[in-house]
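Q: Residue numbers (this note's numbering), protein chains in the order written: chain A, 890 to 1643; chain B, 25 to 377. Okay, here's the structure, questions in a sec.
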Amino acid sequence: MFRINPNKISLTYFLLLYLTVDVFAGKIHGKVEDQEGNPVPFAIIQEEGGTGTVADIQGQFVLGDFEYPVQLKVKALGYLPVSIRVSDKAEFIHIILQEDISQLDEVVVTGNFEAQSARQSVYQVRIIDKELIQKRAAGNMQEVLNTELGIRFSQDNALGSSNLEMLGMAGQNVKVLIDGVPMVGRQGVSNEININQIDINQIEKIEIIEGPMSVMYGADALAGVINIITKKPGGTKGYGLSARIQEETVGNEYSPVSGAGNHIRNLQGQYRTGGGWSFGGAFTQNRFGGWKGRFTGRQFEWLPRHQDLANASLGFHKGILELDYALDLLDERIFSFGPENRIEHIDTEFHTTRWMHRLNARVDASDRFKAAVQTSFTDYSRETVTWITNQRTSEKSLSNAPNAQASLQYQGFTLRATGLWSISETFNLQPGLDINTESGVGDRISSNEGIQDYAVFLSGELSLSDKVKIRPGLRRTYNSAYEAPPVIPSLNMKWKLSESLDLRVAYAQGFRAPSIRELYFDFFDASHSIRGNPDLQAETSHSFNGSLNFSRKKKSEVIYSAVLTGFYNQVSNQISYGIDPVDPRITTLFNLEEFRTAGGMLNHQVRYRDFSAGLGLSRIGRYNRLSADDFNLPEMLFTTEINANLDYKVPYIDTYLSFFYKYTGRLPGFEMGANEQGEAIPRQIELEGFHWADLSLRRDIGNHLQVQLGVRNLFDLTSIQSTANTGSAHGGGPQRPMGYGRSYFAGITYQLSK
Amino acid sequence: MKKNNTFRQGAMALIVAGLIASCTENDAPTVEVPPVEDAFMEIQGGGASFPNSVFVNLSSEIQNSVRRDTWDLAFYTGSEFKVLINGTTGAMAYGTEVEDFQDLEIEYVEKLKAEGTLVLDFNNMNSILYVDDPKNPVANGTALGTVLSSESEAKVFIYERGNSGAEEKPWKKIKVFRSGDLYIVQHADIDSEDYTTVEITKDTDFNFVYFSFESGKVEVEPKKHEWDFVWTAGTSSTPFPQAVNGTLGYFFQDLVYHNIYGGVQAAVVMESEISYDEFSDANVNGLTFNSDDRLIIGSSWRSGGGPNSGPAIREDRYYVVRDKNENVYKLRFLSLTSGGERGRPSLEYSLVK
């Protein structure tokens, strides 16, 4: 196995960094000011392709040793960059910078009809933008989200997929949207989406809303919503092209280009004509060679995975009309190689294909009324194919064993019509209609007529004063397969306490629909007796959220912001597995349990010159079910998480350094055990805590090329220990896989646009 | 397979030669068939639902497949009186306090059913109390316990006929006692007062006499000196601290019992000590053979698999089996599957001495 020597690579890298040469002459004084004439401190003034300087706190600078005429680039945080040509000798120049609204005020779309300033939105939204994704050199969503507070992943290495948990709630309570459209996965629409089946290169940003968004997005948006916003062609005529190649070790396993290691390749482009048409296309290959781990033979602990992701889009924007069509295609093969055997080798392949068509239409009928329709059709299929290779004859054939060949198909259709009706300056109404239908067929799914879900919703935003905004909402749902909760309300409020302090409080009801699998999945073989329950009802929740945002907009040397959030969720009718009372041998599903989560988070972000750093802390509590029967047990079990990030532009070598860290504390729990007399008693268990850290270095070479190097999983984590006896069938056992050891990566991105 | 065929042809040739030889000498035509020297065998376990118990005779290269669900009780033919329940379907028996079938109340039975007492799975921490000892039921204890010689003192047992990899059948209630050298068994449907009485005579050509509630006496295992081991699904046990007695009864689909009651002995040899290929006559004396624990081969020939790996043959070990005629074979398992299908394992063996 080839092992990357990071020392050697960084040497060549630093050689590349010094491939710029300077010319000397001249000297200039200047001052950088904003539009109101206030000095802009610490602006960066740089000679095109040459050296630069930083303005002082008064905005003043001196730049020397260059030749006239000179092109100066001036950048400052929170301002749009400008380029100025100084052709003659000038003793003193004034540079005026314009505030960059988009940078100061991040924009969010989730939960709103259209993009809105994050500061103005009544929802507390966490934003992960493409710059952050780029800094992490991520190959999949998990590598971006794994140091976020309140999110943890569990690996299902039997199937080669991963599941996500958010704020103490399982992934099936998290609705994953692509541009507002729900995704379909192995469990049907929106339930437990394998978040790694999404092309990371296509992501403009990820918006995460904690707390129920069921009024806006319906079922399953109970713990929260992850809305993935994809890249769109720019607003003006022109094109953009980008290509990315990244090579990565998987632990200490690597071979160039293919085989062992992780190989990422992406090509994408957009073009917009002057006539309102736009075209886009993208293709990504992810080749994950797997990780042998404890195995020495043919088997892998982390299964090899090949992903091909393609996207094509077509848009037409003219006047009041916007039309956008996009097609996303996923083709994923996961290979599970059987053990060495003298007679025959048995290898299984999981082949997933997903076609997702999306059509968005928007009409801005007047200043008062805008309407949008989003439709999507998703065709998801997952095939299990088992091959036998006879070791004596080398013949390869399909296995005839029961369940060796299986298939599963889901079709999902969504139609979502929303409107924005501005009744006055201070009051608007957002009505909506939401239709979701899904059907599933598979070898283990008992016959069903699919699920049709029809809903209407209405929300309105009222500004009580220039400081207080409230947004009530209601949703009424009809569902063909289960009894939907009657009317779901929500109430969000934002109160601007001062220029730098915003308070948000929210109450919402949420619900999670039983999935097709929970309703109709029957699985009987030697070691499984599981039956779906078609009489299941939806899980419902009451949720309270609050957040306090502090951010100093003042232009000072230090920019500081902080967010404090708290939440409390009470889930009723939680669907869980239990023993069938009629037949104790069968496991089925019930609306039995009560569940609660509660917790809080504190995030700080600080910027000082070329430094940017963040520090976060969270405490998340999960309800201990056994406390209902035994009052001596704690009711809530808390886990601590700490994360930190650091960005630093290393002077002289023009290289950006990014460091990400997260500590996930131990996860306590209780399970029923038996004492020596065979009596059932509760027993304390826990899942070990762990540290995760990634480091990356980035440098722009010229205007189009970017080189990146880094290390993932600095703590060399592979698995964590669980003291539980019972566990899920596929992730169980005392060792829970978390990573495949310290890995190194190197990547190049080329970007061209006009 | 090729090896196997050649071998068969060889054996046939030997037999024919033997016949000719004996005929020409004009002696009594008793034919002493020489033991098979090398063989590859695919066990006809019946496929993925592993419906069969397969009794293997190494020296004659014969396997006998019998469906696991064709019998309910097995009566030991040795000097002691012991009755086994059908562990190959995961059957369980619960001893009640009543002596008469009519005294067994249906509420009592329903309660037992609802509590899952007679469910053989990982949730039942007491299952080991209601199954036969998996290692050596005759010596270490059976679910039905001591067979009393008095009809009036014998207790009624509730019999769950086993549904592990077998079709579920309604429960029965049974009573077993002895009368002289005979076993007497009385059985009835769980909700019925009409019972049937059957006498069972020991047949010492066999280890056990097998009995089915529907078919009466049935043939299951070959004569006791005509088989060396059986591949079968069956009740096994594993140490588990939370379970009663620290032992959990559970059902395992790939057990290999050597014929301990027929005098067959078995030993485990690790490849690291001496490889299968190098193992010869000279190594036999150094081995400790076992003749009282039928789980010595048991499930040890394969790994159980885990969250991320299927079960696999353990290639680090093989077995040495000494049959009743002092033939010693080395034997190793090659595969759990045939054509990818479980329940059709294969093995190879060769005569050491």
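Positions of the beta carbon are idealized from the N, C-alpha and C atoms, including for glycine. Bear in mind the structure is a predicted one, so any value in this text is a computation, not a measurement.
Pull the bridge partners of residue 1217(A) from the DSSP assignment, please.
A: 1200(A), 1245(A)
Q: What residue range does the alpha helix (DSSP H) around residue 1030(A) cover?
A: Run containing residue 1030(A): 1030 to 1034, per the alpha helix (DSSP H) assignment.
Q: Using 10 angstroms around the beta-carbon of residue 954(A), count the other beta-carbons present and answer buried if the total reaches 16, otherwise exposed.
A: exposed
Q: Per DSSP, which one or two residues make a beta bridge with residue 357(B)?
A: 371(B)
Q: Leaving out five residues before and five after residue 1547(A) in sequence, what residues of the same chain have Cβ atoms less than 6 Å from its Cβ?
A: 1024, 1536, 1585
Q: Per DSSP, what kind of secondary structure is residue 955(A) in: helix, strand or coil?
A: coil
Q: Can you give me the C-alpha to C-alpha distance between residue 1228(A) and residue 1276(A), rounded to a whole angstrom?
A: 13 Å
Q: Going along the chain, which residues of the region 341 to 373 of chain B sit with their C-beta nearer than 7 Å to a C-beta in chain D?
A: This model lacks chain D altogether; the protein chains it does include are A and B.
Q: In chain order, what residues of the same chain have a beta carbon less than 6 Å from the beta carbon of residue 1259(A), not counting five sequence neighbours either side?
A: 1253, 1309
Q: Residue 1171(A) bridges to which residues according to DSSP?
A: In the DSSP output, where bridge partners are listed per residue, residue 1171(A) has 1157(A), 1200(A).
Q: Going along the region 1216 to 1239 of chain A in order, which residues come within less than 8 Å of chain B, judged by CB to CB distance?
A: 1227, 1228, 1229, 1230, 1231, 1232, 1233, 1235
Q: Flag residue 46(B) as yes if its beta-carbon sits less than 8 Å from any beta-carbon of chain A, otherwise no.
A: Confidence at residue 46(B) is low in this model, with a pLDDT of 44, below 50, so the placement of that residue should be treated as unreliable; the coordinate-derived value is given next. By this cut-off, residue 46(B) is not an interface position.
Q: List the DSSP bridge partners of residue 221(B).
A: According to DSSP, which records beta bridges pairwise, residue 221(B) is partnered with 210(B).
Q: How is the alpha helix (DSSP H) around residue 1103(A) delimited, first residue to last?
A: 1103 to 1106
Q: Output the distance between the C-alpha atoms of residue 61(B) and residue 1294(A), rounded to the nearest integer angstrom.
A: 39 Å
Q: Out of 1601(A), 1612(A), 1587(A), 1246(A), which one is the CA nearest neighbour of residue 1638(A)?
A: Considering only alpha carbons, the answer is 1587(A).
Q: Since residue 1557(A) contacts residue 1575(A) with CB under 8 Å, what's their CB separation in whole angstroms?
A: 5 Å
Q: May I ask you to report which of helix, strand or coil DSSP gives residue 93(B)?
A: helix
Q: Using the Cα positions of residue 1071(A) and residue 1505(A), report the straight-line distance between them to the nearest angstrom.
A: Taking the straight line joining both Cα atoms gives about 30 Å.
Q: Tell me whether the beta-carbon of residue 921(A) lies closer than 8 Å to the beta-carbon of residue 941(A).
A: no
Q: Going by beta-carbon coordinates alone, are residue 182(B) and residue 99(B) separated by less than 8 Å?
A: no
Q: Comparing C-alpha positions only, which one of 109(B), 141(B), 220(B), 66(B) sits nearest to residue 1232(A)?
A: Between residue 1232(A) and the set 109(B), 141(B), 220(B), 66(B), the nearest pair of CA atoms involves 66(B).
Q: Since residue 1251(A) and residue 1215(A) are thought to touch, with beta carbons under 8 Å apart, how far apart are those beta carbons, to the nearest angstrom?
A: Actually they do not touch by this definition, with Cβ atoms about 14 Å apart.
Q: Would residue 1293(A) count as contacting chain B if we go by Cβ distances under 8 Å?
A: True, the Cβ-Cβ gap to chain B drops below 8 Å.
Q: What residues of chain B sit near residue 1438(A), judged by a beta carbon separation below 9 Å?
A: Those within 9 Å of residue 1438(A) in chain B number zero; the least Cβ separation is about 42 Å.
Q: For residue 340(B) and residue 296(B), I'd like the C-alpha separation in whole angstroms.
A: Residue 340(B) and residue 296(B): Cα-Cα distance of roughly 7 Å.
Q: Answer yes if the region 1336 to 1355 of chain A comes into contact with the region 1312 to 1328 of chain A, meaning at least three C-beta pairs across the two stretches below 8 Å, and no otherwise.
A: yes
Q: Taking the alpha helix (DSSP H) that residue 130(B) belongs to, which residues open and close that run?
A: 130 to 139
Q: Between residue 1043(A) and chain B, is any beta-carbon pair separated by less than 8 Å?
A: Among the CB atoms of chain B, none fall inside 8 Å of the CB of residue 1043(A).
Q: Locate the alpha helix (DSSP H) running through residue 1126(A), then write down its first and last residues.
A: No alpha helix (DSSP H) contains residue 1126(A), which DSSP labels as neither H nor E.
Q: Is the CB of residue 1628(A) under 8 Å away from at least one CB in chain B?
A: no
Q: Are the CB atoms of residue 268(B) and residue 240(B) nearer to each other than 8 Å?
A: no
Q: Let's test the definition: count the other Cβ atoms within 10 Å of the Cβ of residue 1288(A) and tell me whether it reaches 16, buried, or not, exposed.
A: buried
Q: Under the three-state reduction of DSSP, which class applies to residue 1405(A): helix, strand or coil?
A: helix
Q: Do you know offhand how far residue 213(B)'s Cα is from residue 334(B)'s?
A: 40 Å
Q: Quick one: measure Cβ to Cβ for residue 114(B) and residue 259(B), integer angstroms, because I've assumed they're closer than 8 Å.
A: Between residue 259(B) and residue 114(B) the Cβ distance is about 6 Å, and since that is below 8 Å, they are a contact.
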